[in-house]
Amino acid sequence: MGTMSSMSVSLVCEGKLWGLVSGHHAKPLLVPYLVRSACDLLSKLVCTQLMNLRASSSLTTMVHFHSVQRRMLTQMAAENDYLAAMADRMTDLIHITDSSGAALVMDGQWTIFGTPPASNDLRRLAEWLDRRPDLEVFESRHLGSQIEWASEFSEAASGLLAIRISHVRQS
């Protein structure tokens, strides 16, 4: 490349390398101490801004999550049929979990939202969960690593969030 001099500035945020700014020149150059110090200060300012943006985004997500939770609980408390109330809010749940589909299962009856795996696969998942009554909540981002046959429907779903609603009824 004909590089005779180079300088890089690491962007280290929260102890982890986030990025690297690198400059090269065809002639040999020395970068003065004050310029290097200014670059170091700027990299710290950039990391501070990046972390502020991340924190702001997380806060916005949490506020949205809590508003959906509040709406669901309010509607469920106001209805005689809490499952119907929950079903009314499933699109919100799909949105905040960034999923493509969901299923509400009660006594072998299915209510499907979005694009979950095929009914056969959902039935197998429900049976698998029913054999584990100790699981109140099950979460996996890589379902195939925990359930061998889950790789069969990895195109439709690679992760799972399952929440047991009742121990009395199959749900």
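Following the working numbering, the numbering of the sequence shown begins with -9 at its first residue and continues without gaps. No residue lacks a Cβ here, since even glycine has one placed at the ideal position from N, Cα and C. Please read these numbers as outputs of a predicted model, since none were measured by experiment.
- For Gln39, the enclosing alpha helix (DSSP H) covers residues 23 to 68.
- Looking at the DSSP output, Thr105 bridges to nothing.
- Per the coordinates, the alpha-carbon of Ser144 lies some 30 Å from the alpha-carbon of His56.
- Assigned with DSSP and collapsed to three states, Ala93 falls in strand.
- A Cβ-Cβ separation of about 4 Å places Leu19 in contact with Ser(-5) under the 8 Å criterion.
- The segment 83 to 103 and the segment 111 to 118 touch, with three or more beta-carbon pairs separated by less than 8 Å.
- If you check the CB distance, Ala75 and Gln65 come in under 8 Å.
- Leaving aside the five residues that flank Pro107 on each side, the residues in its chain whose CB is nearer than 6 Å to its CB run, in chain order, Phe143, Ala146, Ala147.
- Ala140 sits buried, since 16 or more C-beta atoms from the chains shown fall within 10 Å of its C-beta.
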